[in-house]
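Here's the structure, in structure tokens; my notes come after.
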Amino acid sequence: MAVAAAAVGGCLPAPATSEGRDIAGLYAAFLAVAAVVAVVVLGLATWSLLRDREGRRTDLPRQTRGHTGLELVWTAVPAVTIGILFLLTLAVLARVDDVSPADDANAPRTEVDVTAFRWGWTFTYPGTDVTVSGSGLPGPEVVVPVGEPIVFRLHAADVVHSFYVPLFLFKRDVVPGRENVFEVTVEEAGSYGGQCAEFCGLYHSRMPFTVRAVDRTAFDAWLASQPRSGASASPGASQ
Amino acid sequence: MSAGAIAVRPAARFSPAEWVSTTDHKRIGILYLVSAFAFFLLGGLIALAMRAELAAPGLQLTDEQGYNQMFTMHGTIMMLLFATPTSAALANYLVPLQVGTADMVFPRLNALSFWLFLFGGLIVLSGYVAAGGPPDIGWTGYPPNSELPYSATTGTDLWIVGLALTGVASILGGINFTATIYTRRAPGMSMLRVPVFTWTVLVTSILILFSFPALTAALAMLLLDRRFGATFFLPAAGGDAILWQHLFWFFGHPEVYIVILPFFGILSEVIPVFSRKPLFGYRAFVFATIVIGVYSFTVWAHHMFTTGAVANPFFSITTFIIAVPTGIKFFNWIATMWRGRIRLATPMLWCLGFIYIFLFGGITGIVLGSPPLDYHLHDTYFVVAHMHNVLVGGTVFALFAGLYFWFPKMTGRRLSEPLGRIHWAAWVVGFPLTFLPQYQLGAIGMPRRYADYSADAGWTLLNQLSTAGSLLLGVGVLVFLVAVGLALRRPPDQPDDPWGGNSLEWWAASPPEHHNFRTIPPIRSERPVFDARERLPGEGRA
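Respectively, the protein sequence lines represent chains Y and G. Numbering of the first sequence is given in the numbering used here, commencing with residue 1 and proceeding in unit increments. Numbering of the second sequence is given in the numbering used here, commencing with residue 1001 and proceeding in unit increments.
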């Protein structure tokens, strides 16, 4: 029963980032509106079906051809509804797409350069020479600090990929020839599975990665412990 | 008015030469329908194979390459070799009949359209016997992944050439339908007395004329890249990977309406007949169809919200707005049923299935039209569920409504009502069982186009439910084929107007004579046959 309920609801997992929390809230608002729409529309259809079955009466019903007032109402009400949904969308979109300025000393941010390739990922930390790379299963692990903004810069080495962490409720395509930048703040320490979401050829289903979020101290210690200046794997080496 | 017609009908003998050389719109319509349905069966078998593969973690039936080829061919076949030509099939058969004329304006061009479509489709399929097998690029064929260095199979080139040919077929058909509807309407049939199915075909035809050239251009550019040294979509050589996505979706979103508007038209023909009322708000329906058609050219980049390369708010609001005219159609259908005399014959059951199921496809379309929600759901099974919700729960349900409805007109025989109900029940249960779990799979993050998934991902049970549902859909199609086979074994026994129809095809014999009509009733509304039957009961066809 729980499965059936979940299957019908399209329930999102609990988000791990502040951006994800905004997205989940927006999704809940959309679902609430959707439920009202479904109840009204299918309620009317069902009501008519139950009442207007042929059988008791087979004479020709009144040949109603339209009703301008009604038609205006069922044009205006959906128009207003989508207007509200659009305003909610805009508010969340602005927060999710926002990237904090690089030179704000009061709000430190961690940057990670991501390069996607067939079929794996390379993560580098600008200014540190630390590189994590891997392909295939189980994929590389990128470590980030919890509770502060992390800016990912996405680059593709060959074809279009997509950087997707389901528990962040977020993905962004990795497109050759352009740099895509986004920012997230992970709210809770933990390991979050990620994967490629844009079909990229033979082993598309086999290029996962993990984002491990730890507190600032642990992050600094981890960064200091990593091998320097490209000494770690080159792309594809950690099969 | 019809008893004599059956007796004098000559026993039709099947003559392949006549069918190959035919320029009769009805025969071309049936050729289109049979070919498109054959592609549907093939695409469906591929879908069942994919569902079988996904029923358990690990690769059991095929490898990654085989799976990638399966979803490429499934999507290509269903969108471009089934759904698009199926609307051409019904339009071919019905438009000349509905506007009260003998044939299309350009009958030979019409035959050319069909053969271009068929051989284009066969060229796409010929990848199965080419070196490297069929294409492995997804039906959306995003470069650079579809460029030669990443997709070496000849099947990808055959895919390009075959689809370009079927695109030309669609464009020629669009010209033909537009010209026929503009110039061949029976006396008295003003544009606002044109049956609503034919209206949807007109708008669809104009969409085809403006959208398919974008696909043709994109395919030509990809072929130039792959085989002639061009670099349109190769960023490393100065090209642009995103350019293809713009061209493809500038075609691809109008395409979505190309494969749904005529099917909205079918509902708008069937529901009035089985509610014994005129379509509520005919003018609003026509207007909404035109608005959807125009608007469908402004929403394409909602397929690209996650690229970081488009104006997300703009394409979000246009996507939301297109829901309003679509909503109008829903209210039109329900208001048509309202206080009618609803007869639950098989065609009407399929329409009701459409209303109850397609609604959720429309709603989830709004969800995906919101960029922040799309950031999570894009390229997951949520999108797969949404598109099948509108294409299977919409297009295919309406197709079956239309087939059960017009089968007596096309063949003179009626499909079995009990078998039709079994078919319908299998689909009404099978559809949600197949696709509701996919919504949830997407919500918890399963990407589409994955040959395999880990047993730890928590996706196994939902995938198994979906696979079980897909089997039910397959059983339903088998029942339909049995019903068709049984019906065709019987002699024709259907009157001209078995359902109490509205539009002119029900004035012609079942099946219609070669040139369709000997007389035409007076046309004073969009329901001339209803008018003749209900208001002038004594008057025959003279």
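Each residue gets a CB set at the ideal place from its N, CA and C atoms; glycine is no exception.
Quiz item: In three-state DSSP terms, what is Y:W121?
Solution: In the three-state DSSP reduction, Y:W121 falls in the strand class (E or B).
Practice problem: Using a Cβ cut-off of 8 Å (strictly closer), state whether G:L999 contacts chain Y. | Solution: In the structure as shown, chain G starts at 1001 and stops at 1542, and residue 999 of chain G therefore has no counterpart that could be examined.
Quiz item: Is G:E1417 buried or exposed, if buried means 16 or more other CB atoms sit within 10 Å of its CB?
Solution: Classified as exposed, G:E1417 has fewer than 16 neighbouring CB atoms from the shown chains inside 10 Å of its CB.
Exercise. Compute the Euclidean distance between the alpha carbons of G:Y1375 and G:P1491, then round it to the nearest angstrom.
Key: Taking the straight line from one Cα to the other gives about 57 Å.
Exercise. Taking the CB atoms as reference points, tell me whether G:R1343 and G:F1274 lie closer together than 8 Å.
Key: Going by beta carbons, G:R1343 and G:F1274 fall inside the 8 Å limit.
Practice problem: Could you check what DSSP says for Y:A213 in three-state terms: helix, strand or coil? | Solution: Secondary structure at Y:A213: strand, using DSSP grouped into helix, strand and coil.
Self-check item: Per-residue burial, G:D1136 [other beta carbons within 10 Å of its own, 16 or more giving buried]
Solution: The residue in question, G:D1136, is buried, as its Cβ has 16 or more Cβ neighbours within 10 Å.
Quiz prompt | Alpha-carbon spacing of Y:E54 relative to G:F1331, whole angstroms | solution = In this model, Y:E54 and G:F1331 are separated by some 21 Å (Cα to Cα).
Practice problem: Give every residue of the same chain whose Cβ lies closer than 6 Å to the Cβ of G:D1497, excluding the five residues on either side of it in the sequence, and list them in chain order. | Solution: Closer than 6 Å at the Cβ level, and outside the excluded window around G:D1497, lie W1506.
Practice problem: Kindly indicate the opening and closing residues of the beta strand (DSSP E) around Y:T185. | Solution: Element bounds for Y:T185: N180 to T185.
Self-check item: Straight-line gap, G:E1513 to Y:V41 (C-alpha atoms, nearest Å)
Solution: Roughly 42 Å separates the two Cα atoms.
Practice problem: Would you decide whether G:S1205 is buried or exposed? Buried here means 16 or more other CB atoms lie within 10 Å of its CB. | Solution: By the Cβ-count criterion, G:S1205 is buried, with 16 or more other Cβ atoms from all chains shown falling within 10 Å of its own Cβ.
Quiz item: In its own chain, which residues sit with a C-beta less than 8 Å from the C-beta of Y:I150, not counting the 5 before and 5 after it?
Solution: The residues R109, T110, E111, V112, V144, E183, V184, T185 and V186, in chain order, have a CB closer than 8 Å to that of Y:I150 in the same chain once the five nearest residues on each side in sequence are set aside.
Quiz item: Distance, Cα to Cα, G:T1395 vs G:P1085?
Solution: Straight-line Cα distance between these residues: approximately 12 Å.
Quiz item: Which residues does DSSP pair with Y:A156 in a beta bridge?
Solution: Under DSSP, Y:A156 takes part in a beta bridge, and its partners are Y:A116.
Practice problem: Could you spell out the range, first to last residue, of the alpha helix (DSSP H) harbouring G:H1376? | Solution: From DSSP, the alpha helix (DSSP H) with G:H1376 extends over P1371 to L1377.
Quiz item: Whole-angstrom Cβ separation of G:D1157 and G:R1108, contact assumed at under 8 Å?
Solution: Wrong, their Cβ atoms sit about 30 Å apart, outside the cutoff.
Quiz item: CB Y:P13 to CB G:I1444, shorter than 8 Å?
Solution: Yes. Within cutoff.
Exercise. Kindly indicate if chain G contains any beta-carbon less than 8 Å away from that of Y:Q239.
Key: Note on Y:Q239: pLDDT 37, under 50, position unreliable in the model; no value is reported.
Quiz prompt | Residues from the segment 81-94 of chain Y in contact with chain G, defined by Cβ distance under 7 Å | solution = Shown in chain order are the members of the segment 81-94 of chain Y whose Cβ falls below 7 Å from a Cβ of chain G: I82, L85, F86, T89, L90, V92 and L93.
Quiz item: Is the CB of Y:D98 under 8 Å away from at least one CB in chain G?
Solution: Output row for Y:D98: interface = no.
Quiz prompt | Burial state of G:I1123 (16 or more Cβ within 10 Å) | solution = It is buried - the Cβ of G:I1123 has at least 16 other Cβ atoms within 10 Å.
Quiz item: Which residues of chain G have a Cβ atom closer than 8 Å to the Cβ of Y:I23, listed in chain order?
Solution: In chain order, P1372, L1373, Y1375 and H1376 make up the part of chain G whose C-beta sits under 8 Å from the C-beta of Y:I23.
Quiz item: Going by beta carbon distance, what residues of the same chain come within less than 6 Å of Y:R216, once the five residues before and after it are set aside?
Solution: If we look at Y:R216 and ignore the five residues flanking it on each side, its Cβ neighbours are P145.
Practice problem: Classify G:G1293 as helix, strand or coil using the three-state DSSP reduction. | Solution: G:G1293 sits in a helix when the DSSP states are folded into three classes.
Quiz prompt | Proximal residues of chain Y, C-beta to C-beta of G:R1339 below 9 Å | solution = Within chain Y, the residues near G:R1339 are S48, R51, D52, P61, R62 and T64.
Quiz prompt | Contact set between the segment 1395-1409 of chain G and chain Y, restricted to residues whose Cβ is under 9 Å from the partner | solution = Within the segment 1395-1409 of chain G, no residue has a Cβ that lies closer than 9 Å to any Cβ of chain Y.
Self-check item: N-terminal and C-terminal residue of the alpha helix (DSSP H) that Y:K171 is part of
Solution: For Y:K171, there is no enclosing alpha helix (DSSP H); the enclosing beta strand (DSSP E) covers residues F170 to V174.
Quiz item: Name the DSSP beta bridge partners of Y:F163, please?
Solution: For Y:F163, which the question treats as bridged, DSSP gives the partners Y:R172 and Y:C196.
Exercise. May I ask you to verify whether the segment 1025-1043 of chain G touches the segment 1459-1467 of chain G, counting CB pairs closer than 8 Å and requiring at least 3?
Key: No: fewer than three Cβ pairs fall under 8 Å.
Quiz item: Which parts of the segment 1357-1413 of chain G are runs of the alpha helix (DSSP H), unbroken and 4 residues or longer, counting only runs that do not cross its ends?
Solution: The qualifying runs are 1371-1377, 1381-1390 and 1397-1411.
Quiz item: Got a sec? Which residues, its chain only, sit under 8 Å from G:L1224 by beta carbon, not counting five neighbours each side?
Solution: For G:L1224, the CB contacts under 8 Å within the same chain, skipping 5 residues up- and downstream, are A1230 and F1232 in chain order.
Practice problem: Go ahead and label Y:I84 buried or exposed: buried means 16 or more other beta carbons lie within 10 angstroms of its beta carbon, across all protein chains shown. | Solution: A residue is called buried once 16 or more other Cβ atoms fall within 10 Å of its Cβ, and Y:I84, having fewer, is exposed.
Quiz item: How many angstroms separate the CA atom of G:P1372 from the CA atom of G:G1420?
Solution: Taking C-alpha positions only, G:P1372 is separated from G:G1420 by approximately 42 Å.
Quiz item: To which residues of the same chain is Y:S225 closer than 8 Å at the C-beta, ignoring the five residues directly before and after it?
Solution: Around Y:S225, the same chain offers no residue with a beta carbon nearer than 8 Å, after the five sequence neighbours per side are excluded.
Exercise. List the whole-angstrom C-beta distance separating G:S1559 from G:G1173, where the pair is believed to meet the contact cut-off of C-beta under 8 Å.
Key: As displayed, chain G neither begins before 1001 nor continues past 1542, which places residue 1559 of chain G out of reach and without an answer.
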